[in-house]
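Worksheet: one structure, shown below.
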Amino acid sequence: MEMPTPNAAVLNKKSHIVRRLSKVLPRESVISEEHETRAYECDALTAYRCSPMIAVLPENTQQVSDILRICHEEGVPVVPRGSGTSLAGGAMPTADCVILGVAKLNDVLETDYDNRLIRVQSGRTNLSVSDAVEENGFFYAPDPSSQLACAIAGNIAMNSGGAHCLKYGVTTNNLMGVTMVMMDGEVVEIGGSHLDSAGLDLLGLICGSEGQLGVVTEATLRILHKPVGARPILIAFDENEVAGACVADIIKAGVLPVAMEFMDRLCIETSENFAKAGYPNAEALLIIEVEGSELEIEEQLTKIISIAEKHNPVELRQSNSPEESAKIWLGRKSAFGAIGQISDYMCLDGTIPVSELPFVLRRIGEISKQYGLRVGNVFHAGDGNMHPLILFDANKSGDLELCEKMGAEILRLCVEVGGCLTGEHGVGVEKRDLMFDQYSHADIEAQLNIKDVFDPKWLLNGAKVFPLIATEDRRAA
Numbered sequence: 003m004e005m006p007t008p009n010a011a012v013l014n015k016k017s018h019i020v021r022r023l024s025k026v027l028p029r030e031s032v033i034s035e036e037h038e039t040r041a042y043e044c045d046a047l048t049a050y051r052c053s054p055m056i057a058v059l060p061e062n063t064q065q066v067s068d069i070l071r072i073c074h075e076e077g078v079p080v081v082p083r084g085s086g087t088s089l090a091g092g093a094m095p096t097a098d099c100v101i102l103g104v105a106k107l108n109d110v111l112e113t114d115y116d117n118r119l120i121r122v123q124s125g126r127t128n129l130s131v132s133d134a135v136e137e138n139g140f141f142y143a144p145d146p147s148s149q150l151a152c153a154i155a156g157n158i159a160m161n162s163g164g165a166h167c168l169k170y171g172v173t174t175n176n177l178m179g180v181t182m183v184m185m186d187g188e189v190v191e192i193g194g195s196h197l198d199s200a201g202l203d204l205l206g207l208i209c210g211s212e213g214q215l216g217v218v219t220e221a222t223l224r225i226l227h228k229p230v231g232a233r234p235i236l237i238a239f240d241e242n243e244v245a246g247a248c249v250a251d252i253i254k255a256g257v258l259p260v261a262m263e264f265m266d267r268l269c270i271e272t273s274e275n276f277a278k279a280g281y282p283n284a285e286a287l288l289i290i291e292v293e294g295s296e297l298e299i300e301e302q303l304t305k306i307i308s309i310a311e312k313h314n315p316v317e318l319r320q321s322n323s324p325e326e327s328a329k330i331w332l333g334r335k336s337a338f339g340a341i342g343q344i345s346d347y348m349c350l351d352g353t354i355p356v357s358e359l360p361f362v363l364r365r366i367g368e369i370s371k372q373y374g375l376r377v378g379n380v381f382h383a384g385d386g387n388m389h390p391l392i393l394f395d396a397n398k399s400g401d402l403e404l405c406e407k408m409g410a411e412i413l414r415l416c417v418e419v420g421g422c423l424t425g426e427h428g429v430g431v432e433k434r435d436l437m438f439d440q441y442s443h444a445d446i447e448a449q450l451n452i453k454d455v456f457d458p459k460w461l462l463n464g465a466k467v468f469p470l471i472a473t474e475d476r477r478a479a
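For the sequence shown, the residue numbers in our numbering are 3 to 479.
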């Protein structure tokens, strides 16, 4: 299909914005040619694509301030972008917007081991934060599956977690302060190197705001001493619901592993074919990791094994070496890529009470049969953060729409049992029309009022998070 040719007014406006941006940025940091902007047409939710008008790659806070000031004066929408690993369309552009990518903001600015903190530019990748302090015996706890690529900026925007969030918490529990640029170009400091800030908890407001309130350019993060040791255990079951009940019983007993991960048969088999991790033939698999001194590890594993044996596992395997530990984790870390080799899929991100795991897993199986689409379950079982992978054929007419309808039903199920629409992926465009399933109109209006305060013109990522019908008047103003 032939694309429509932009009219003269649109081209003139684009040229004008490019000229203004080129005065505050190196010319190579302003990307405006159509074949180049296409690289920013989507994030990891690839089902929807739209090339931005312009993309810019600043290198410091002042350049970000200049960009936002210009866009504010010109009334141009801005979509902040970390590494583009969002699975909810959080960084998907609109045709009239400027994509503000933070990839060049990747320096370590300060490391303070005495106070256990590190200050970095927000484009630095998650894993490289731990790499910067590893030699001194420290690490940064949040570890999303995309940690090799995802940026701290995106982690803050979506309040990302990871496999080890059960013990260490998600991004908000490890974020101490930010430097943030408002839409009009004003630079503000929120939080900092101290434990808690006086007054309103603005840091808690920023973390998880999906780039709607400002652009974070620097972050002060909590770093922790590496544990003395850690050991995973692999437990296999012949029913999903039994594995879910085992998880609930472990949490109920007061045991706090550092990680509890769940995989069902589809994910087990697909990951095994891909990674050759030596996984057993089973319907469900739990990977549970504990840490501490050798005595602490043995005590925790003894309790976990005692609980698991009451659920008649088909296999129970402890790691006895770093190599065995790496192999136990290999399949879990490879799960998303392995599924991607066999099918298109949509990765959901609902959160439920752990006690509801057996029921929700059974209902997901029933919903899968109802829609005729396979589901692979792989998720952070300890905190109830579900990641059902719905397999579909992107080349088959109607399959994507069927997949979305099924995904919406699963997410509504999460809300119905006392959970919520998202644990760490954010709302983005994927779940915005489901927000009224979780929040009342008054709740939504209160959130919109906060957006009004920070971004009165609604220029920052304004088409995300909230149902479009609820924001139409504000975006049109």
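Think of the CB as a built atom: it goes at the ideal place given N, C-alpha and C, for glycine as much as any other residue. Because the structure is a prediction, the values reported are computed rather than measured.
(Q) Within 10 Å of its beta-carbon, does L350 have 16 or more other beta-carbons around it, so buried, or fewer, so exposed? (A) Along the sequence shown, one-based indexing puts residue 350 at 348. That one is buried.
Q.
Could you compute how far the alpha carbon of M3 sits from the alpha carbon of I225?
A. Reading the sequence shown from its first residue, position 1 is the one you call residue 3. Reading the sequence shown from its first residue, position 223 is the one you call residue 225. Confidence at M3 is low in this model, with a pLDDT of 40, below 50, so its placement is unreliable and no value can be given for it.
Q. Taking three-plus beta-carbon pairs below 8 Å as touching, is the region 412 to 432 in contact with the region 157 to 173?
A. Touching, yes.
Q: Rounded to whole angstroms, what's the CA-CA distance from R476 to F438? Just pull it up for me.
A: Mapped onto the sequence shown, residue 476 falls at position 474. Mapped onto the sequence shown, residue 438 falls at position 436. Approximately 18 Å between the Cα atoms of the pair.
Q) In three-state DSSP terms, what is D457? A) To locate residue 457, count along the sequence shown from 1; it is residue 455. The answer is coil: DSSP assigns D457 none of H, G, I, E or B.
Q: Please list, in chain order, all residues of the same chain as E432 whose beta carbon is under 7 Å from its beta carbon, the five residues on each side excluded.
A: Here residue 432 refers to the residue found at position 430 of the sequence shown. By the criterion of a C-beta distance shorter than 7 Å, E432 is surrounded in its chain by L47, A90 and G91, once the five residues flanking it on both sides are discounted.
Q: Give every residue of the same chain whose Cβ lies closer than 8 Å to the Cβ of G231, excluding the five residues on either side of it in the sequence, and list them in chain order.
A: Looking up residue 231 in the sequence shown gives position 229. The residues are E293, G294, S295, E296 and I299.
(Q) Just to confirm the assignment, what range does the beta strand (DSSP E) spanning Y347 have? (A) Along the sequence shown, one-based indexing puts residue 347 at 345. For Y347, the uninterrupted beta strand (DSSP E) run begins and ends at D346 to C349, by DSSP.
**Q.** Same chain, Cβ closer than 6 Å to R353, five either side skipped, listed in chain order
**A.** Your numbering for residue 353 matches position 351 in the sequence shown. Residue identity differs from the one stated: residue 353 is Thr in this sequence, not Arg. Here the set comprises G386, N387, G421, C422 and G425.
Q: If I'm right that V419 touches F381 with Cβ under 8 Å, what's the distance once you round it to whole angstroms?
A: Here residue 419 is taken as the residue at index 417 of the sequence shown, counted from 1. Here residue 381 is taken as the residue at index 379 of the sequence shown, counted from 1. Contact between V419 and F381 fails: their C-beta atoms lie close to 15 Å from each other, not under 8 Å.
Q | K459 to Q65 span [Cα, whole Å] | A | The residue labelled residue 459 in the question sits at position 457 within the sequence shown. The residue labelled residue 65 in the question sits at position 63 within the sequence shown. So the two alpha carbons sit approximately 21 Å from each other.
(Q) Quick check on the DSSP output: the alpha helix (DSSP H) that includes T473 runs from which residue to which? (A) Taking the first residue of the sequence shown as position 1, residue 473 is located at position 471. T473: member of the alpha helix (DSSP H) spanning L470 to A478, first to last residue.
Q) Between the C-alpha atoms of V244 and I392, what's the straight-line distance to the nearest angstrom? A) Here residue 244 refers to the residue found at position 242 when the sequence shown is read from its first residue. Here residue 392 refers to the residue found at position 390 when the sequence shown is read from its first residue. When rounded, the distance between both Cα atoms is 22 Å.
Q.
For R1 and A153, what's the separation of their Cα atoms in angstroms?
A. The chain is shown from 3 up to 479; residue 1 falls before or after that span and cannot be answered.
Q: Evaluate H74 with the Cβ neighbour count: other Cβ atoms within 10 Å of its Cβ, from every protein chain shown; 16 or more gives buried, anything less gives exposed.
A: One-based indexing of the sequence shown puts residue 74 at position 72. Buried, by the Cβ-count rule.
Q: Would you check if there are 3 or more beta carbon pairs closer than 8 Å linking the region 264 to 273 to the region 332 to 344?
A: A contact is defined here as three or more CB-CB pairs under 8 Å, and the region 264 to 273 meets this definition with respect to the region 332 to 344.
Q) If we ignore side chains and look at the alpha-carbon of each, how far apart do E285 and P259 end up? A) In the sequence shown, the residue the question calls residue 285 occupies position 283. In the sequence shown, the residue the question calls residue 259 occupies position 257. Straight-line spacing of the CA atoms in E285 and P259 works out to 22 Å.
Q. How many Å lie between P95 and R233 at the Cα?
A. Position 93 of the sequence shown holds residue 95. Position 231 of the sequence shown holds residue 233. Take the alpha-carbon of P95 and the one of R233: they are about 43 Å apart.
Q) To the nearest angstrom, how far is it from the Cα of S130 to the Cα of V122? A) If you number the sequence shown from 1, residue 130 lands on position 128. If you number the sequence shown from 1, residue 122 lands on position 120. If you take the alpha carbons of S130 and V122, they lie about 10 Å apart.
(Q) Quick check: the Cα distance between S17 and L70, rounded to an integer number of angstroms? (A) Working through the sequence shown from its first residue, we reach residue 17 at position 15. Working through the sequence shown from its first residue, we reach residue 70 at position 68. Taking the straight line joining both Cα atoms gives about 17 Å.
Q | Presumed contact (8 Å Cβ cut-off) between L205 and G179, rounded CB distance | A | Position 203 of the sequence shown holds residue 205. Position 177 of the sequence shown holds residue 179. About 7 Å separates the beta carbon of L205 from that of G179, a gap short enough to meet the 8 Å contact definition.
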